[in-house]
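Residue numbers (UniProt numbering): 1 to 352.
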């Protein structure tokens, strides 16, 4: 199929994203060619679009939250057939470093080094903002029959939320605060409830998202433009603070609020990525509070596999998060809608 052409969103260099014709890729050994049907817009896409990414080889095709159907199989593939509905997981570690050997391949020690076997689809090598994408068979999950292609774009997002909740060790009876009501935060709040949290608070800046949080099961919401989230959660917990805080806003201020509000001896999970800039985090709060603070690097196949089953069984809601849909030709507009949170945008999906 390599002689055929397809439309793709190609990042020629940071700041230069172009929708143009490219060759349809051909799967090699162990690889699958997928006809992409939908791809979600993620905050990472904006960072990649504007600043590039560690290890990226330009030009390349962006997009990493995608679903589709198997169109062709390379040699030495054993688990899928043409026509199967699938969802992708974009991380492909080198497989040889210490982290990969123990399953922490999302933190591969050879991250960004294609010569040593590392690939991060949609970040450093070709991804899913295209009619077709080639990806290793091991990076694919079966998409349940009761899940649309659009809903399936949330699988890795939900898996990241699941990983964050588990890394922060949310337990039954915990008071959990989630900072940032984006897709990751709203899913983390639901998963915390699923794991038995006694009360969940969600803070943010946009009322439509906070309303969505309440509809999805949050006991309390705080608009940080109207009240101090640290003071509010301290009041709600009789001066003690929440047992666990999940920081999903990806801003330095929220990270500082997380370590200030959590109870002494509590847990903080940092899943939001502030990107560039120097963090202004007063570590004295961590030391004097005897806090466990963990970073959350993406999702991984284990979390994605488990969250696929949970979503298929409707253990938590995802459809309300799917607020906007666009065609591939309108990707710049889709990114703008997501970036500026237009019309209450939470998850923006590009249909392909």
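A virtual CB, placed ideally from N, CA and C, is assigned to each residue, including glycine.
As the structure is a computational prediction, the values presented were derived from the model and not from experiment.
- Burial check for residue 264: the Cβ neighbour count within 10 Å stays below 16, so the residue is exposed.
- Straight-line spacing of the CA atoms in residue 253 and residue 324 works out to 28 angstroms.
- In the three-state DSSP reduction, residue 251 falls in the coil class, being neither helix nor strand.
- Rounded to the nearest whole angstrom, the CA to CA distance from residue 333 to residue 18 is 13 angstroms.
- Bounds of the alpha helix (DSSP H) holding residue 331 are 331-339.
- Its chain contains 117 as the residues whose beta carbon lies nearer than 7 angstroms to that of residue 95, once the 5 sequence neighbours on both sides are disregarded; these appear in chain order.
- Non-local beta-carbon contacts of residue 97 in its own chain, meaning distances under 7 angstroms to residues more than five positions away in sequence, involve 108, 109 and 110 in chain order.
- In this structure, residue 168 keeps its C-beta atom at 8 angstroms or more from the C-beta atom of residue 9.
- Of the residues 40, 34 and 201, the one whose Cα lies closest to the Cα of residue 322 is 40.
- Counting only residues of its own chain and dropping the five nearest sequence neighbours on each side, residue 14 has a CB closer than 7 angstroms to the CB of 50, 51 and 52.
- Relative to residue 308, the option among 46, 124, 149 and 225 whose CA is nearest is 149.
- Sequence-distant Cβ neighbours of residue 20 in its own chain, meaning closer than 8 angstroms and more than five residues away, are 7, 8 and 10.
- Nearest in C-alpha terms to residue 270, of all of 165, 38, 23 and 142, is 165.
- Shortest Cα-Cα distance from residue 225 to any of 210, 147 and 199 involves 210.
- Distances from the alpha-carbon of residue 115 to those of 133, 102 and 57 put 57 closest.
- Of the residues assessed, residue 161 falls on the buried side of the cut-off, its CB having 16 or more other CB atoms within 10 angstroms.
- Linking residue 272 to residue 293 through their CA atoms gives a straight-line distance of about 13 angstroms.
- The count of Cβ pairs closer than 8 angstroms, one atom from the region 190-199 and one from the region 170-177, reaches three, so the stretches are in contact.
- Shown here, residue 11 sits in a strand according to DSSP, grouped into three states.
- Separation of residue 248 and residue 261 (C-alpha to C-alpha, rounded to the nearest whole angstrom) is 15 angstroms.
- For residue 340, the closest alpha carbon among the candidates 280, 206, 257 and 283 is that of 206.
- For the pair of segments examined, the region 123-140 was found to touch the region 29-47: the number of CB pairs separated by less than 8 angstroms reaches three.
- Residue state for residue 224 is assigned as coil, using DSSP reduced to three classes.
- For residue 203, the enclosing beta strand (DSSP E) stretches over residues 199-204.
- The three-state secondary structure of residue 352, taken from DSSP, is coil.
- In this model, residue 232 and residue 244 are separated by some 15 angstroms (Cα to Cα).
- DSSP places residue 314 outside both helix and strand once states are collapsed to three, so it counts as coil.
- Counting along the chain, no alpha helix (DSSP H) covers residue 131, and no H or E run does either.
- The beta carbons of residue 312 and residue 139 sit no closer together than 8 angstroms.
- If you ignore the 5 residues before and after residue 84, its C-beta comes within less than 6 angstroms of the C-beta of 70, all in its own chain and listed in chain order.
- C-alpha of residue 86 to C-alpha of residue 22: approximately 23 angstroms in a straight line.
- Counting only runs of at least 3 residues, the region 31-118 fully encloses the following beta strand (DSSP E) elements, listed from N- to C-terminal order: 31-40, 65-73 and 85-88.
- Counting along the chain, the unbroken beta strand (DSSP E) around residue 270 starts and ends at 267-270.
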